[in-house]
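Working notes, structure below.
In this note's numbering, the protein residues as written are 263 to 558.
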């Protein structure tokens, strides 16, 4: 038992100290998404990059920041520097300058495999609690709670939803109060007794990106538009009008709930000092929103 606890603590320490690429406020969830994907595939330890490339690329496209191109080869190759991954390079890759990224085509051509090191893999296999702890730690550190279940579903992990990050106790109350207990996008306002029903306080710049728990970084959102905000389907322009991504499509209610919002002014808070700050809006457009926006 002591050995298992020590083993568990060491893996959690490595996850907590994960070296995630940083440049300013840009998001880089590549390594967390690869680990989550591998946790959903514990039936075997090592997998070909060719087999992981497509699902990892789709995760990066879906849950990473909007980019013209994504690079699943980067976390596959560089996660090993954190001691949480290893690659089988028996075929040998072309020698590259220190710090140079690998070529995707080369990883495929040489049939390079990657996976958790054997001791960590065995720890996950022996201890389902450790799998849950690692998954929750990664989700809490890198993604807002509104999309945790979407990510877990995408990687094939079925975990009880226990993660709730700590936040300033009155953030939700202040945000809902300043927006008059109505969705800033659609005006939805329903209560059951004295409690709001399906109304959230959403962060514009995510807590995971060091976004503060202040009303100027918050929006009162119905549950639908909260998730849409966190998935990049909607955002805010410099003049506080609503942006709707051209990426969304569908049938019934699409026009009512989304297309009709295009170019509409945001419902502003009761106090001007609580208006969404430009730096938070800019971060959301650059790091979350799926461009281009629809024309008005």
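Cβ atoms here follow ideal geometry from the backbone N, Cα and C, with glycine treated the same way.
All of these numbers come straight from a predicted model, not from anything done at the bench.
Asked	Found
Inter-stretch contact at 8 angstroms, needing at least 3 Cβ pairs: the segment 388 to 396 / the segment 360 to 370	no
Rounded Cβ spacing between residue 492 and residue 409 (contact assumed at less than 8 angstroms)	5 angstroms
Inter-residue spacing [alpha-carbon to alpha-carbon] between residue 296 and residue 304	13 angstroms
Burial state of residue 377 (16 or more Cβ within 10 Å)	buried
Environment of residue 294 [buried if 16+ CB atoms lie within 10 Å]	buried
Buried or exposed (CB count within 10 angstroms, at least 16 for buried), residue 498	buried
Beta-ladder partner(s) of residue 463, from DSSP	482
Of the residues 547, 505 and 479, the one placed nearest residue 436, counting alpha carbons only	479
Residues that DSSP places opposite residue 458 in a beta bridge	453
Residue 496, enclosing beta strand (DSSP E) - first and last residue	496 to 498
Neighbourhood of residue 487 by C-beta distance below 7 angstroms, restricted to the same chain and skipping five residues each side	445, 447, 448 and 496
Beta strand (DSSP E) segment containing residue 550, residue limits	Segment: none, residue 550 is in no beta strand (DSSP E) and carries neither H nor E.
Touching by the beta-carbon criterion (3+ pairs, under 8 angstroms), the segment 448 to 464 and the segment 338 to 346	no
Contacting residues, own chain, Cβ-Cβ under 8 angstroms from residue 325 (five flanking each side not counted)	291, 295, 405, 409, 412, 413 and 416
Residues near residue 379 in its chain [Cβ-Cβ closer than 6 angstroms; skip 5 each side]	348
CA-to-CA distance, residue 465 to residue 398, given in whole angstroms	19 angstroms
Where residue 494 falls, given that 16 or more other Cβ within 10 Å makes a residue buried	buried
Integer Cβ distance of residue 299 from residue 318, believed to fall under 8 angstroms	6 angstroms
Residues that DSSP places opposite residue 400 in a beta bridge	Paired residue(s): none; residue 400 is not in a bridge.
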